[in-house]
Amino acid sequence: MHDDRRQVEDRLDRVMRERVVPATYAARRPMTVEVWHVPGEPVPVAEALDAAYVPFAPGDPWGRAWATSWLRATASVPAEWAGRRVEAVFDLGFTGRGPGFQAEGLVHDLGGRPIKGIEPLNQYVPVGDAVNGGEEVGLLVEMAANPDILGDGFVPTPLGDPATAGDEPLYRFGGADLAVLDEDVWHLRLDVEVLSELMHELSTDDPRRHEILRALERMLDELDIHDVAGTAARARETLTEVLSRRANASAHTISATGHAHIDSAWLWPLRETQRKTARTFANVTALAKDYPELVFSCSQAQQYAWVRDRYPEIFQRMRDATKAGQWAPVGGMWVEADGNLPGGEALARQLVHGKRFFLEEFGVETRGVWLPDSFGYTAAYPQLAVLAGNEWFLTQKISWNQTNKFPHHTFWWEGIDGTRIFTHFPPADTYNGTFAGAELGHAVRNYADKGGGTRSLLPFGHGDGGGGPTREMLEKARRLRDLEGSPKVVVENPDAFFAAARAEYPDAAVWAGELYLELHRATYTTQARTKAGNRRSEHLLREAELWAATAALTAGFDYPYEDLDRLWKTVLLHQFHDILPGSSIAWVHREAEATYARVHAELREITRAATAALAGEGGPGQVFNTSPRARAEVVTVPSELAAALPPDAGVQPLADGSVAVFTEVPGSGTAPLGAAAPFGPLGPVTVDGRVLDNGLVRVEIDADGLLTSVRDLVAGREVLAPGSRGNLLQLHPDLPNHWDAWDVDRHYRRRHTDLTGADAVTVVDAGPLVASVRVDRSFGDSRISQTITVTAGSPAVRIDTEIDWHEREKILKLAFPLDVHADRSAAEIQFGHVYRPTHTNTSWDSARFEISCHRWIRLAEAGYGIALANDATYGHDVTRTTREDGGTTTTARYSLVRAPRSPDPEADQGRHHMSHTLLPGATVAGAVAGGYALNLPLRVTAGGSGPSPLVSVEGEAAAVESVKLADDRSGDVVVRVYESLGGRADTRLRTSFPVAGVEVTDLLERPLPDRPVSLADDGSVSLTLRPFQVLTLRLRPAGR
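In our numbering, the protein residues as written are 99 to 1138.
Encoded structure:
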């Protein structure tokens, strides 16, 4: 037989495109349309019901960027349509560029009740399955003129900020019609789609492919192209046999779950996400009525809360669908947070607030972590997920790796403490599935664990304003349940999939350590002010909770439950994986910076009030140390407080008008100001020219303001590599191949400029407590001022950097070439640290050319280490070179600031402040303490007394990460402790209040009966922690 496959396929494509698809709607009648253009921000539907409308016609322009218009459409159903399926069809001016990322609408009835959303690939609103004719139809549509930010690619656009977006309309109204859906034609389209797509996935040697081709050819012969509606049913009959052939017994099973990944902010602001969720959730709950098999998996408790508060009718529909088994809350987090940057306690609270919301609002205990789109995943996740009661973890983002293909799709993921969680990567490599044949075929071919597992998960539905699953998707799923040549498709809850996958493959392979994404590495750095706002918020929350809890137990302070809950949720929201990483439009980041400023002010006021209650009246003042480590260091105080110090306290007036005092304070405790020896145990710091020396470290600064020597006087060795200079600012061109805000590509390293010239190098403070030198630089259109400081009693060299940044498409690095042979670097992550190689032996090692940390990194050889702490700099790189003398130079560089132009053309422009400390001779414990110290500065409050630490632990391995009152308002004290060094820790927890009982809990503060713990006679608690173990204790105060 001659091979005419191409001719038959071409015939099929043309007939479907030109005859069948246009016949889907058998008849149309235009609706009468009026419009009201909202003059400002979006308004409630009640206001729109009372507005004055004007006529509106197809072709009329509407919608400046981010504006809202309300459409009122009315019509009568023609009598001749009686018995037919009638819909209203809206074209808001869709561009045809995709399922979302443009104009959207939420349709209400004329009473203001929401019906469903309108999106580019979901334009219909049901009127009736079998109308009588003569019905009056009236609909009210809230239209959102959301711009297509990336419509022209990664180019600068003014559309991401209302201040620059302009007033020109973005859209032209396409029309609103009543239409008759021809169900025979519509089903024929779907039959052909499924079969044609399957056919193209099969090999030309597969008889099944040819069987399908000839069946489709017979269908074409049966279809009258001049009377598609009249012959569609007969044409469908020719496909019955080929559609009824059952799947192979060994066919891969695809567990499909409805999904709509909605970024909580990205190319739109937070306020628009609130409307996007309403449109999609309205769609899904409407669709569920017609398709009882639908299961829709939806994460992000914050989005549910928005809908609950703004759209209660839709929220009730969601609750009803959950009870019916058609809606599955998943993820158990407040938002789908970034997977690298949130602090350990913040990740714990993401899980706490997410899971608690679903328990309280839906009665559902979520069992998995659902993070399909974050930019890499910390190795702390398995432990935290399990401690929150989770059993599984899902993402697909690692499929975006540029260099290495991840070797598994179903596996056990092991965290830094040894905890394992069952994990799955959907092999379709998407979380926006459509049941396309190519998608299903790729999932089967790509699945890496054949022979062990037989099933995979497929989230299906249009996200980010596309409206979620569609009826067409569900119709295709029905046809694909049991179809020869195709994987078997079953629509189900992810919990059911994970239970089955784990049962059939319990001995899946183990992946230990972080899930590093070999892409989007610039998200550790972009929008530095957003990152600084988050870091400061996390530590201010720690302060507010600790001192409020202490004051509540010891001073009758009213613990601010509601305020702390609200502020935590605000911070957690801004950890969403396009806000904190810096990859959103200008509007989002300007708003985030303003929000952080308000959060910081509120938290400082809570802490001020609590510490004032604790410190009482009179006295020289109290120093509060929120760090879990004892501190002996110089503190800066306002001059008016210093006036009350005893004469022998020893103070140094500073150039900025404040006063320096040496102090010693216990971890999580207080001490009277001025009670310590004047200069600490080792004497003062001296300045000789540009040499700063405090007996622990000697720092030499050259005329360019660079460090030429950092001598560890205790160890008797030089920190900097021979012939090198530290505190070196390096400027690189930074134009990634794609994804401007997200990516820094390896080629950036091929060129750089060392910023060695200084405008001025000035001694600012000359001891005896503080010695500092200011270095001023200018380059391009930017200015940098750095202050290098050494203080009495501390080996730390502090560098405070003020940047007035006005460069474009550049990245600024801060380099420290160190004289240490470090074959790996240590970086703090949540509740511990990880090691990464400094070599490039493998492609996996080489791909980690930019990595992230939290408060510190450490480079070490046997017997000696050097740490670098930061107060909000996450991105960094570490490289090694061999010198001519045979020694090794290990260079650590922090990534300070970038200047991408998409999606925010003004990203990072303006002023930044950041601080770093170089810690010579630092052990891991020293690095941990240094990171805490830099991020939790000592706080000085007027008053004459201070409490003992509310909670403390013995030794340097265990650390108290948080102290708070229990969320159930019982008055119990909740303490989170973790092992910080990577070894086993035997410690004892002590309190300054009498304890009647203690129990180990999960993150949600629920008892874990299989983890017994008891009080000693002295009221202390003996604890043994495995490496990096996180332990939550609930202490019941005596007498409560």
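All residues carry an ideal CB built from backbone N, CA and C; glycine is no exception.
Local Cβ density within 10 Å of residue i, reported as buried at 16 or more and exposed below that
{"i": "Gln105", "result": "exposed"}
{"i": "Arg195", "result": "exposed"}
{"i": "Asp1140", "result": "A question about residue 1140 goes unanswered here, because the residues of the chain that appear run from 99 up to 1138."}
{"i": "Ile323", "result": "exposed"}
{"i": "His845", "result": "exposed"}
{"i": "Ala1094", "result": "exposed"}
{"i": "Gln221", "result": "buried"}
{"i": "Asn346", "result": "exposed"}
{"i": "Pro505", "result": "exposed"}
{"i": "Gly461", "result": "exposed"}
{"i": "Gln414", "result": "exposed"}
{"i": "Lys421", "result": "exposed"}
{"i": "Val131", "result": "buried"}
{"i": "Gly772", "result": "buried"}
{"i": "Pro253", "result": "With the sequence shown as reference, residue 253 is identified as Val, and Pro is not the correct amino acid for it. Label assigned to Val253: exposed."}
Contact check, residue i vs residue j, beta carbons under 8 Å
{"i": "Leu613", "j": "Tyr389", "result": "no"}
{"i": "His698", "j": "Leu638", "result": "yes"}
{"i": "Pro1125", "j": "Gly1080", "result": "yes"}
{"i": "Asp562", "j": "Phe188", "result": "no"}
{"i": "Leu538", "j": "Ile352", "result": "yes"}
{"i": "Arg640", "j": "Thr724", "result": "yes"}
{"i": "His350", "j": "Arg553", "result": "yes"}
{"i": "Pro140", "j": "Arg373", "result": "yes"}
{"i": "Arg1140", "j": "Asp969", "result": "Any property of residue 1140 remains undetermined from this structure, which presents the chain solely from 99 to 1138."}
{"i": "Ser822", "j": "Lys911", "result": "no"}
{"i": "Ala477", "j": "Ile927", "result": "yes"}
{"i": "Val428", "j": "Cys396", "result": "yes"}
{"i": "Ala380", "j": "Gly215", "result": "yes"}
{"i": "Arg956", "j": "Ala1031", "result": "no"}
{"i": "Leu337", "j": "Leu293", "result": "yes"}
{"i": "Val340", "j": "Ile310", "result": "yes"}
Residue i - DSSP class collapsed to helix/strand/coil
{"i": "Gly328", "result": "helix"}
{"i": "Leu1032", "result": "helix"}
{"i": "Pro1047", "result": "coil"}
{"i": "Asn488", "result": "coil"}
{"i": "Ser737", "result": "helix"}
{"i": "His507", "result": "coil"}
{"i": "Glu1004", "result": "coil"}
{"i": "Met317", "result": "helix"}
{"i": "Asp86", "result": "Given that the chain is displayed from residue 99 to residue 1138, the structure contains no residue 86 and the question cannot be resolved."}
{"i": "Thr255", "result": "coil"}
{"i": "His100", "result": "coil"}
{"i": "Ala171", "result": "strand"}
{"i": "His522", "result": "strand"}
{"i": "Asn498", "result": "For the sequence presented, residue 498 should be read as Trp rather than Asn. Helix."}
Closest by C-alpha distance to residue i, when choosing among the options
{"i": "Ala796", "options": "Asp802, Arg788, His359", "result": "The identity of residue 796 in the sequence shown is Arg, whereas the question assumes Ala. Considering only alpha carbons, the answer is Arg788."}
{"i": "Ser1118", "options": "Arg1134, Pro1105, Val808", "result": "Arg1134"}
{"i": "Gln1127", "options": "Leu482, Ala1027, Thr705", "result": "Leu482"}
{"i": "Leu780", "options": "Leu867, Leu385, Val735", "result": "Leu867"}
{"i": "Ile909", "options": "Glu590, Glu948, Lys574, Thr806", "result": "Glu948"}
{"i": "Gly564", "options": "Thr532, Gly550, Glu582", "result": "Thr532"}
{"i": "Leu811", "options": "Pro893, Pro782, Ala769, Val763", "result": "Pro893"}
{"i": "Glu178", "options": "Ala150, Gly249, Ala125, Ala925", "result": "Ala125"}
{"i": "Asn244", "options": "Ala201, Thr1130, Thr375", "result": "Ala201"}
{"i": "Ala146", "options": "Ala155, Trp134, Arg809, Gly157", "result": "Trp134"}
Residue i - partner residues in DSSP beta bridges
{"i": "Thr1039", "result": "Gln720"}
{"i": "Glu217", "result": "Asn220"}
{"i": "Val1061", "result": "Val1073"}
{"i": "Leu678", "result": "Its beta-bridge partners do not exist; DSSP assigns none."}
{"i": "Leu1113", "result": "Val1119"}
{"i": "Ile352", "result": "Ser554, Val587"}
{"i": "Tyr846", "result": "According to DSSP, Tyr846 bridges with nothing at all."}
{"i": "Gln884", "result": "Val873, Thr899"}
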